[in-house]
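Residue numbers (our numbering), protein chains in the order written: chain G, 79 to 303; chain R, 7 to 240; chain P, 68 to 319. Glycine included, every Cβ here is placed at the ideal spot set by N, Cα and C. Before any comments, here is the structure.
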Amino acid sequence: MTPLGTISRLVEKDLTLEWRGREILTAMVVFSMLVAVVFNFAFSPSAEDAGRLLPGMLWVTLAFASTLGLSRSFVLEHDHGAIEALRLFPFDPSLIYVGKLLANLLYLLVVEALLLPALAVIAGVSLRSSAGPLALILVLGSIGLVAVGTLFSAMSVNTRIREVLLPVLMFPLAAPVLISGVRAMLGILAGGSLSSVLPGLRILGAFDVIFVVAGYVIFEFVLEE
Amino acid sequence: MRAIEVAELTKAFGPIQALRGITLGVDAGSALVIFGPNGAGKTTLLKTIATLIRPTSGSVRLFGVDPRADLRLRAQIGVVSHQSYLYPGLTGEENLLFAARLYGIPRPAERVARLLETVGLTGRAQDLVRTYSRGMTQRLSIARSLVHDPPLLLLDEPYTGLDRQAAGVLTALLDAMRGTRTIVLTTHSIEQGLALCDRMAILVDGLIVYEAADGLRDLRAVERIYAECVGVPA
Amino acid sequence: MTTYADTESLEIPRVPDWRAGLIWIGGALAVFGTYLAVLYAPTERTMGHAQRIFYVHVPAAWVGFLAFGVVFVCSVGFLATRRRSYDVAAHASTEVGVVFTTLAIISGSVWGRAAWGTWWTWDPRLTTTFMLWFIYAVSLMVRAYGGTGSQSGRFAAVLGIVGFLDIPLIHLSVVWWRSMHPLPVVARPEGFGSGLHPAMLQALLVNVAAFTLLYVALFGIRRGQLAAADGLASRRETQRIREATLAREGSR
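The structure is reproduced here in structure tokens:
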């Protein structure tokens, strides 16, 4: 079977499992909404503040929500030895990484599609004019979060403190994504064009490339015994 | 060319020496059973042969080839572990189809249907594995290990927790394979192990302390030898 | 392939050995460097004597990053060859590196308080050093809690590699972020105006050399300790197996 075929079978398996229970998506969506509401209680932003605070609230919420989905996605492989079974197939174990990454990316994008409009409504900010650039920043940032998160979730699922270890591992390393993502969105919401936030887009893009490649290469060392 | 050739195999997990120099050969089509107390290294040995564990030193060759050098050799290996290797959220049929497709089996649906019949799970094939009993899960795991028709089958304590029906299915399956597939089995039950094998080995503390190809029909004798090797006072 | 038993012997090295020698030299150099920093280097124009913390802060930060570079190289070596000595070296460098990085952050914070009145400035270099500290801390957590004995070494190596690749990106993103709130020109480590007075540079270099020697010495000492602990664990295991075998044979 071709690598692409293998990856699509792996993603199909994850999506089938998720569709049956919808545990991951439900947890991520509900959690994100709750955090968004709590942020609004905490900051009670005025109309002008809201635009300034929205990117920060969005990315912090996504950072935490993503750890929920990422850790669950490897727990289901760990519990009945399914990951060992996957390692017995005659394909490169790094394809498992790609498959998980794509599935986790999809869950995160679904959450974002719901969260961003919801935050905009709650905060009273209009996003219609900047929807395209914002979406680009979100996608670039999400790829980065998931690239790092998939690698670390495969590691942390083996430990005693898996729920705690994953965010602790991810957040320092995903800092460039959070910092650049927020800063880029602030620039766009302040009326800037995409070219005005080009440095941030470059950082996000470089991060994505470096960490997807690094994850692909390193993944088999995480899996082996 | 032997099916399995293990030479001076060692494996250390940190300071723990799990395997301390195993040398062992298994001819194609023969059945080897490995006895040993808990912690002896049976699972480690099996998983190292299966390419799941990287040796610290020494070599493993399957059909003359180093399986870690050529990924495709994995298609020759089937494993039944004490973990089910199944997704509880998928049906029995879906679990098998998933494996069949990833092994690149042509006409996977047919193969899966035949396997389900062999293990007697055709009736429950559309139910989620979550609803299966332990015996049914084990039968499906066995079916899964055979989905790609591997010439080498490795089973790690497959009889643990099985009810009589499932144990019977397993014994019948393994019996039917003798001569055509190479089987390596670890078990606590000396009686069941001896019934199936051509050769036996006893593994204690990471070393093989006893090997034999005859005298395997005398259960009492083997039990005595085992007790001696393991150090249980007579 | 090296096993635990192949790491350094359990014999206690006879003093003096090269590590002790380096401590003496490094210590002497540090004393000399302190003299240069406090009495020899000219007083900085705008910040006054508070700026002298710079002669501790910069070398400490330099060593923190150097140590992490060593962690990166040893991590790559460990994953590539699986030799225990690389893991032990990475572990030792992580522990020593986190100490120097902590010193760098504290000195940076104190300096900020003394010079500009705030305990923290989001200066890009200081912020990146702070993020490095977090990566170190997480690395130690992974070694403490990360799975079984052999797994934690591998996971720490993965983190060492990924973290090292990340540091430049962290720095770039912080620089870009801070470009929104540029710090006053005064608040640059070199002080008002660019460039360092030659005497300042000399004092700085002496202190950098001192700190580097101390790092190498501490790294060597810690590595020896960890390797000895490995060797001890390995001998205990061998002993356990010997006793179990004797017990079995005894009961026949």
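Within the same chain, and ignoring the five residues on either side of Val71(R) in sequence, the residues whose Cβ sits closer than 6 Å to its Cβ are Leu79. A straight-line Cα-Cα distance of about 38 Å links Val287(G) and Val177(P).
Below the 8 Å Cβ cutoff, chain P contributes no neighbours of Val138(G), its closest Cβ being approximately 15 Å away.
Rounded to whole angstroms, the gap between the alpha carbons of Val190(R) and Leu152(R) is 14 Å. Among the CB atoms of chain G, none fall inside 8 Å of the CB of Arg140(R). Pairing Pro164(R) with Val135(R) gives a Cβ-Cβ distance that is not under 8 Å.
If you ignore the 5 residues before and after Val209(P), its C-beta comes within less than 7 Å of the C-beta of Ser219, Phe222, Ala223, Leu226, all in its own chain and listed in chain order. A distance below 7 Å between beta-carbons, with the five flanking residues on each side excluded, links Thr161(P) to the following residues of its chain, in chain order: Val138, Tyr203, Ser206, Leu207. Beta-bridge partners assigned by DSSP to Ile214(R): Leu209(R). Val217(G) is bridged by DSSP to nothing; it lacks a bridge partner.
At a cut-off of 8 Å between beta-carbon atoms, Ile172(P) makes no contact with chain G. Of the residues Cys141(P), Ala117(P), Thr168(P), the one whose Cα lies closest to the Cα of Gly131(P) is Thr168(P). The continuous alpha helix (DSSP H) containing Gln306(P) extends over residues 265-317. Around Pro126(P), the same chain offers Asn274, Val275, Phe278 as residues with beta carbons nearer than 6 Å, after the five sequence neighbours per side are excluded. Around the beta carbon of Tyr102(P), fewer than 16 other beta carbons sit within 10 angstroms, so the residue counts as exposed. Relative to the Cα of Gly83(G), the nearest Cα in the group Arg107(R), Lys53(R), Gly42(R) belongs to Arg107(R).
Restricted to the stretch 146-180 of chain R, the beta strand (DSSP E) segments that are unbroken, complete and at least 3 residues in length are 158-162, listed in chain order. Gly174(R) and Ser195(R) have their C-alpha atoms some 14 Å from each other. For the stretch 169-201 of chain P, the set of residues with a beta-carbon nearer than 8 Å to any beta-carbon of chain G comprises Met198, Phe201, in chain order. Taken in chain order, the members of the stretch 203-222 of chain P whose beta-carbon sits within less than 7 Å of a beta-carbon on chain G are Val205, Met208, Tyr212, Gly213, Gly214, Gln218, Arg221, Phe222.
Residue state for Phe69(R) is assigned as coil, using DSSP reduced to three classes. Tyr282(P) is not a Cβ neighbour of Ala104(P), given a cutoff of 8 Å. Listed in chain order, the alpha helix (DSSP H) elements of length 4 or more contained wholly in the stretch 160-211 of chain G are 160-165, 172-201.
Interface flag for Asp233(P) against chain G is set, since a Cβ pair is found closer than 8 Å. Neighbours of Val85(R) in chain G, taken as residues at a C-beta separation under 9 Å, are given in chain order as Glu162, Ala163, Leu166. Counting only runs of 4 or more residues that sit fully inside the stretch 35-111 of chain R, the alpha helix (DSSP H) segments are 48-55, 98-108, in chain order. Excluding its 5 nearest sequence neighbours in each direction, Val235(G) has C-beta neighbours in its own chain below 8 Å: Ser149, Phe152, Val153, Glu155, His156, listed in chain order. Residues of chain R whose Cβ lies closer than 8 Å to the Cβ of Arg290(P) do not exist, since the nearest Cβ in that chain is about 17 Å away.
In terms of CA proximity to Ile215(G), Leu264(G) leads the group Met248(G), Leu264(G), Phe289(G), Pro245(G). Using a Cβ-Cβ distance cut-off of 8 Å, the stretch 57-64 of chain R and the stretch 90-104 of chain R are not in contact, since fewer than three pairs of beta carbons, one from each stretch, lie closer than that value. According to the DSSP assignment, Glu14(R) belongs to no alpha helix (DSSP H) but to the beta strand (DSSP E) extending over 10-19. Take the alpha-carbon of His158(G) and the one of Ser147(R): they are about 11 Å apart.
In the same chain as Pro114(R), and ignoring 5 residues on each side of it, the C-beta atoms closer than 7 Å to its own belong to Leu103, Ala106, Arg107, in chain order.
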